[in-house]
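A.B. asks: Structure provided below as structure tokens; questions to follow.
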Amino acid sequence: MTSQPGTQRTWIITGASAGFGRAIAECAVGRGDNVVLAVRRPASVADFADAHRDQVLVAELDVRDTGRAGDVVRAAVDRFGRVDVLVNNAGRGVVGAAEEVGEEELRASLELHLLGPAALVRAVLPYFREQGSGTIVQMSSQGGRISFPGVGAYSAGKFALEGWSEALAGEVAPFGVRVMIVEPSRFRTSFNAPDVLGIADASTAYTGLLRAVRDDMARADGIQEGDPVRAAEIIVDLVAGDELPLRLPLGREAVERIGRSYRQNLEELERWAPTARAADFPGAAASARPI
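Using our numbering, the final residue of the sequence shown is 933, and nothing's skipped along the way.
Printed below as a string of structure tokens:
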């Protein structure tokens, strides 16, 4: 897909009331694009919508309500005639050991970070395929490539989103549809705010191990090094351009931590490769795969 200067695009952005979603929406509108703000509380974006009535549509959506995905896409097409970009941004952090985070909260995290985005992608793809173009931006996290004690419930959803999206990218490329997975480090959004970040009830068994993690996540609110406005500009620029990476780490910490993880994983793979290869039948021919 070749993007032309001056092209007016229509975006659907979930979780657009604040943080990355709001910043991307403001950047897109500032460049003349149309934006559908898919939010749980329409009142949270009323000021923005009122200021840009010709370019902004508000659609009430709880991303976990997958049955509403098609309604949002149809509303965008009815209002603006087409959809060009879907940004799956809505999300919420959860801190707690595997034994502390119950099934209900784990399921909610998976619904929010995987099942909801998947439903929106399924709803928008017929339009993208018909017009022969479209971009899907999946807002993941550095926690979608690396994990550590205390964030397993959050990483589970983001790891799943990334695996699902990597397969998706190969499936839709022949139709002119692009996929970009964004992996931010800490950005100055409400992610770490006390009324947003989910923290499971601590058990005495994990207090010593996870106290530092809980404290670090809570203390980060308001002092994160990442600028969501700069991040939004990067994302909007890439969507408007001809070259789009499958994965985009955002922020210095994300680049360093993810890069270190890749190197460590490669070292471990090479160390255990002889043991791993020994599991095959002796003399068996290497498999041949279509992709």
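Heads up, the beta-carbon is just placed ideally off N, CA and C, and yes, glycines get one too.
Which residues does DSSP pair with R820 in a beta bridge?
C.D. replies: Partner(s): T777.
A.B. asks: Hey, quick one: how far does the beta strand (DSSP E) through P891 stretch, first residue to last?
C.D. replies: It spans 889-892 - the beta strand (DSSP E) in which P891 sits, taken as one unbroken run.
A.B. asks: Taking the DSSP output, what are the residues bridged to I655?
C.D. replies: Per DSSP, L679, V729.
A.B. asks: Would you kindly work out how many angstroms separate the C-alpha atoms of E929 and A918, rounded to a whole number?
C.D. replies: Correcting the residue type first, residue 929 is Ser in the shown sequence and not Glu. Cα-Cα distance, rounded: 15 Å.
A.B. asks: Which parts of the region 732-804 are runs of the beta strand (DSSP E), unbroken and 3 residues or longer, counting only runs that do not cross its ends?
C.D. replies: DSSP runs (the beta strand (DSSP E)) wholly in the region 732-804: 776-781.
A.B. asks: Compute the Euclidean distance between the alpha carbons of F662 and Q866, then round it to the nearest angstrom.
C.D. replies: If you take the alpha carbons of F662 and Q866, they lie about 13 Å apart.
A.B. asks: By DSSP's criteria, P826 is part of a beta bridge. Which residues make up the other side?
C.D. replies: Note: P826 sits in a beta bridge opposite L892.
A.B. asks: If we call anything under 8 Å between Cβ atoms a contact, is E747 one with G840?
C.D. replies: Taking 8 Å as the Cβ cut-off, E747 and G840 qualify as a contacting pair.
A.B. asks: Tell me where the alpha helix (DSSP H) around V671 begins and ends.
C.D. replies: Counting along the chain, the alpha helix (DSSP H) containing V671 begins and ends at 661-672.
A.B. asks: To the nearest angstrom, how far is it from the Cα of F722 to the Cα of Q784?
C.D. replies: Near 34 Å, if we compare the C-alpha coordinates of Q784 and F722.
A.B. asks: Based on Cα-Cα distance, which residue from I876, R828, A765, R749 lies nearest to A896?
C.D. replies: The option with the nearest alpha carbon to A896 is R828.
A.B. asks: Work out the CA separation of G799 and L756 for me, nearest whole Å.
C.D. replies: Going from the Cα of L756 to the Cα of G799 covers about 6 Å.
A.B. asks: What separation, rounded to the nearest whole angstrom, lies between the Cα atoms of V715 and G674?
C.D. replies: The alpha-carbon atoms of V715 and G674 are separated by roughly 20 Å.
A.B. asks: If you draw a straight line from the C-alpha of E808 to the C-alpha of L754, how long is it?
C.D. replies: Rounded to whole angstroms, E808 to L754 spans 18 Å at the Cα level.
A.B. asks: Helix, strand or coil for L699? Go by DSSP, reduced to three states.
C.D. replies: It is a strand residue.
A.B. asks: Starting from E867, trace the alpha helix (DSSP H) in both directions and tell me its first and last residue.
C.D. replies: Careful: E867 lies outside any alpha helix (DSSP H) and carries neither H nor E.
A.B. asks: Could you tell me which of A740, H694, P924, I655 sits nearest to S789, measuring between CA atoms?
C.D. replies: Per the Cα distances, A740.
A.B. asks: Using the beta-carbon count (16 or more within 10 Å), is R787 buried or exposed?
C.D. replies: It counts as buried.
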